[in-house]
Amino acid sequence: MQRPCNVTPLTVPGVTTPSQVDLDPGRDYPLAARRPELLKTPTGKRIDELTMEAVLAGEVAPEDLRIAPETLRLQARIAEQSGRPQLAQNFRRAAELTALPDELVLSIYNSLRPRASTKQQLTDIADELESAYSATLCAALVREAADVYERRNILAS
Amino acid sequence: MTTSARRSKRTEALEQRPVNLDGFVEEWPEVGMVAMDSPYDPEPGVRVENGVIVELDGKPRAEFDFLDQFIADHAIDVEATEQAMAIPAVDIAHLLIDPRATRKDVLAVSRGLTPAKLLEVVKTMNVVEMMMALQKMRARRTPANQAHATSARDNPVQVAADAAEASLRGFRELETTLGVVRYAPLVAIALQVGAQAGTPGVLTQCALEEATELELGMRGITAYAETISVYGTEPVFCDGDDTPWSKAFLASAYASRGIKMRFTSGTGSEVQMGNAEGKSMLYLEIRCILVTKGAGVQGLQNGSISCIGVPGAVPAGIRAVLAENLIASMVDLECASGNDQSFSHSDMRRVARLLPQLLPGTDFVCSGYSSTPNYDNMFAGSNVDAEDYDDWNVLQRDLQVDGGLRHVPEAELLAVRNRAARALQGVFAHLGLPPITDKEIEAVTYAHGSKDLPPRDVLEDLKAAQSVMDRGVTGLDIVKGLDAAGFTDMAHSLLAVLRQRVSGDLLHTSAILTPELETLSAVNDTNDYAGPGTGYRPSGARWEEMKRLRHVVSAQNPEQEVG
Numbered sequence: 001m002q003r004p005c006n007v008t009p010l011t012v013p014g015v016t017t018p019s020q021v022d023l024d025p026g027r028d029y030p031l032a033a034r035r036p037e038l039l040k041t042p043t044g045k046r047i048d049e050l051t052m053e054a055v056l057a058g059e060v061a062p063e064d065l066r067i068a069p070e071t072l073r074l075q076a077r078i079a080e081q082s083g084r085p086q087l088a089q090n091f092r093r094a095a096e097l098t099a100l101p102d103e104l105v106l107s108i109y110n111s112l113r114p115r116a117s118t119k120q121q122l123t124d125i126a127d128e129l130e131s132a133y134s135a136t137l138c139a140a141l142v143r144e145a146a147d148v149y150e151r152r153n154i155l156a157s
Numbered sequence: 001m002t003t004s005a006r007r008s009k010r011t012e013a014l015e016q017r018p019v020n021l022d023g024f025v026e027e028w029p030e031v032g033m034v035a036m037d038s039p040y041d042p043e044p045g046v047r048v049e050n051g052v053i054v055e056l057d058g059k060p061r062a063e064f065d066f067l068d069q070f071i072a073d074h075a076i077d078v079e080a081t082e083q084a085m086a087i088p089a090v091d092i093a094h095l096l097i098d099p100r101a102t103r104k105d106v107l108a109v110s111r112g113l114t115p116a117k118l119l120e121v122v123k124t125m126n127v128v129e130m131m132m133a134l135q136k137m138r139a140r141r142t143p144a145n146q147a148h149a150t151s152a153r154d155n156p157v158q159v160a161a162d163a164a165e166a167s168l169r170g171f172r173e174l175e176t177t178l179g180v181v182r183y184a185p186l187v188a189i190a191l192q193v194g195a196q197a198g199t200p201g202v203l204t205q206c207a208l209e210e211a212t213e214l215e216l217g218m219r220g221i222t223a224y225a226e227t228i229s230v231y232g233t234e235p236v237f238c239d240g241d242d243t244p245w246s247k248a249f250l251a252s253a254y255a256s257r258g259i260k261m262r263f264t265s266g267t268g269s270e271v272q273m274g275n276a277e278g279k280s281m282l283y284l285e286i287r288c289i290l291v292t293k294g295a296g297v298q299g300l301q302n303g304s305i306s307c308i309g310v311p312g313a314v315p316a317g318i319r320a321v322l323a324e325n326l327i328a329s330m331v332d333l334e335c336a337s338g339n340d341q342s343f344s345h346s347d348m349r350r351v352a353r354l355l356p357q358l359l360p361g362t363d364f365v366c367s368g369y370s371s372t373p374n375y376d377n378m379f380a381g382s383n384v385d386a387e388d389y390d391d392w393n394v395l396q397r398d399l400q401v402d403g404g405l406r407h408v409p410e411a412e413l414l415a416v417r418n419r420a421a422r423a424l425q426g427v428f429a430h431l432g433l434p435p436i437t438d439k440e441i442e443a444v445t446y447a448h449g450s451k452d453l454p455p456r457d458v459l460e461d462l463k464a465a466q467s468v469m470d471r472g473v474t475g476l477d478i479v480k481g482l483d484a485a486g487f488t489d490m491a492h493s494l495l496a497v498l499r500q501r502v503s504g505d506l507l508h509t510s511a512i513l514t515p516e517l518e519t520l521s522a523v524n525d526t527n528d529y530a531g532p533g534t535g536y537r538p539s540g541a542r543w544e545e546m547k548r549l550r551h552v553v554s555a556q557n558p559e560q561e562v563g
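See below:
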């Protein structure tokens, strides 16, 4: 089951986006302790609302214990400023994948295994990542894989 | 009687030594049976055109295999590479051991180095120099340790009790795996529960096939993942049913759920899997390290790991194992540095093999230390196990070196083992899983291994394990179960671990949770070693703790033990 999503970050006047927050790794990390006000679950809860009382009252669902794309983009900036560009890029790809259901993430992973997909199948996955989920970084990774797999002859025949 | 048939008494004595049960072989570079010095390893070199690496270690881009391409395009900093590659290898080695050069100074160079160049650098270094370098290059200032908690019968009650003991003894990460894979959900739950019974904030994982491991992580039944294997040649990578791209995607999948993960690799895996392409074990391992770096993964478990018998059998093999830990650290990755799978029959050799990681300190000195007797270790044994706890604590005290553990009096251990088992009993009852009897709890409190425990109804357990997956049980259900059974502190601690995935703080390099549930990583606990008198040194309360052993006598009264 694939469903489109609407979590693409939009710049709305008066709303701070991850790129606008003033962040300093030395001052602000770990975010949970130093900048909890920046952290929301994908369901819109504040991290300090995830209390034992709320869990026992049935007010916390497994979906509330997930990371939001905005948080991953904040952590990407911390990684970048700590001199870790690859880690930052991984967090940005991850931010895109927060919108995908678990089963779809697992199925794309399996499609990327050697000799699991034709070039067309990988291209279709990349197109869907981009069009349905605005996952441009992940789409680029899949397209790059498709090209390499073709050159190294590890596409499905 | 001829002299050749007659053996000396000394030879007979030596023949009986355990070290002669170990396997040793001659080098055979053509098939990759060589640790770090093969005539077939490429010469270092790089060529950049229009911001793209078009030649890597003597190979033109059109001939790149998929590892070359991934490393050239994702791991090596194109802006830095030509300048870094121009520095003679021996000068880079000097930078590594010179305390006046900071860790940051090294990273400015290492980000531009190719696999063959990294190999050339460590080939100029002996093991003492490598230890000096590792002391500075370890990412997290404070070293830590990881344990295995497994059971030959996959008994969840045992895993919970051993996890609790390991947690109390100081391990910050615990790993389990299975004999019967279908047992995984129950054993992973047991590990998670037991871990929180010792000290709060211990992170747990369950080593399984990649997709299953991810599923348990997504459900919050495990807290992190480690067995995401990468390999140093294209055919072996494909035999592992992955590519650098599938693994990079998997890395992002974990991060997208806020779950910490590291890759795994190690010298010897390619030759063991029959396709080393005539390269040295270390050259191939360096390619794995750079694939990890390029995938944007925060860390790596390496140090040969489950192939330790292979480098262990060839000349300078254990030097190569240290070199792989050093290279992971010098390219700014978290390093969980091996010292895990059984390695030698010789106690002397077991210790000699672990000192190069224990003395300088690594992010996790063992990955892991067996918290059970050897027969219960389902990772094919470990270099150090539960029967070595006292020896380990003495080594720490003798050398004033922090290997992450501490001596715990028996009464406290019994209490925590009992508590973990009772908590698991409560959680199983809450989740409608097969009952854990008071008899089992009593037995596991005092047990050493699975042989000391009453057998469980395996068929019922396996049915229940399937139901955990079918019903969609999550970490949150375990929290509720702990609370319902009256273990509110453990419920709080586990909720705190689960809440970490909302903040993503644990996704950073070398992150652990302290017993105070604070995140400690290379971002806020950066290794600041800069020569004598600097960096991490056990002191204060931690050193006082390290002084305690099972038997220490009072200075005033030699008849009295102060423990």
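For the protein sequence lines, the chains are P and R, in the order given.
Under our numbering, the letters of the first sequence match residues 1 to 157, in that order.
Under our numbering, the letters of the second sequence match residues 1 to 563, in that order.
Ideal Cβ positions, reconstructed from N, Cα and C, are used throughout, including at glycine.
With the cut-off set at 8 Å, would you say residue i and residue j are in Cβ contact?
i      : j      : result
R:G361 : R:Y536 : yes
R:S371 : R:A147 : yes
R:A420 : R:A164 : yes
R:K117 : R:A89  : yes
P:R66  : R:R153 : no
P:R35  : P:D24  : no
P:R84  : R:T509 : yes
R:S338 : R:G299 : Strictly speaking, residue 338 of chain R in this sequence is Gly, with Ser absent from that position. Against a cut-off of 8 Å, the Cβ pair of R:G299 and R:G338 comes out as no contact.
R:T519 : R:D505 : yes
R:K247 : R:V230 : yes
R:A276 : R:E285 : no
R:V109 : R:A139 : no
R:A133 : R:M330 : yes
R:T227 : R:E215 : no
R:A336 : R:S367 : yes
What is the C-beta distance between residue i and residue j, in whole angstroms, given that I count them as a contact (C-beta under 8 Å)?
i      : j      : result
R:L494 : R:L482 : 6 Å
R:V180 : R:C206 : Actually they do not touch by this definition, with Cβ atoms about 13 Å apart.
R:E234 : R:D65  : 4 Å
R:G58  : R:G45  : 5 Å
Taking 8 Å as the threshold (beta carbon to beta carbon), is residue i in contact with chain R?
i      : result
P:A145 : yes
P:G83  : yes
P:Y133 : no
P:S157 : no
P:V105 : yes
P:V21  : no
P:R66  : yes
P:N153 : no
P:P62  : yes
P:M1   : Low confidence applies to P:M1: its pLDDT is 41, below 50, so where it sits in the model is not reliable, and the reading given next is rough at best. Not one chain R Cβ lies under 8 Å of P:M1.
P:R27  : no
Just mark residue i as buried or exposed, buried being the case when its beta carbon has 16 or more other beta carbons within 10 Å.
i      : result
R:R111 : buried
R:P39  : exposed
P:M1   : Because P:M1 sits at a pLDDT of 41, beneath the cut-off of 50, its placement in the model cannot be relied upon, and the following sentence gives the value as read from the coordinates. Exposed, because fewer than 16 other Cβ atoms sit within 10 Å of the Cβ of P:M1.
R:H448 : exposed
R:E173 : buried
R:A143 : Rather than Ala, the amino acid found at residue 143 of chain R in this sequence is Pro. Classification for R:P143: buried.
R:H407 : buried
P:P4   : Residue placement at P:P4 is poorly supported in this model, since its pLDDT is 43, which falls under 50; the coordinates still yield a value, given next. It counts as exposed.
P:P101 : exposed
P:S157 : exposed
R:D525 : buried
R:N145 : buried
R:Q466 : exposed
How about residue i: is its C-beta nearer than 8 Å to some C-beta of chain P?
i      : result
R:R501 : yes
R:Q83  : no
R:E518 : yes
R:S110 : no
R:C238 : yes
Taking only heavy atoms of the ligand COA into account, decide whether any of them is closer than 7 Å to the Cβ of residue i.
i      : result
R:E387 : As far as ligands go, the structure on display features none, and thus does not contain the ligand COA.
Quiz item: For the segment 282-340 of chain R, which segments carrying the alpha helix (DSSP H) assignment without a break, of at least 4 residues, lie completely within its bounds, in sequence order?
Solution: 309-313 and 317-330
Quiz item: Which whole runs of the beta strand (DSSP E) in the segment 167-235 of chain R are 3 residues long or more, in chain order?
Solution: 173-176, 203-206 and 224-229
Exercise. Let me know the alpha helix (DSSP H) ranges lying completely inside the segment 117-143 of chain P, each 4 residues or longer, listed in chain order.
Key: List check, alpha helix (DSSP H) in window: 119-133.
Self-check item: Continuous beta strand (DSSP E) assignments of at least 3 residues falling wholly in the segment 229-268 of chain R
Solution: 260-264
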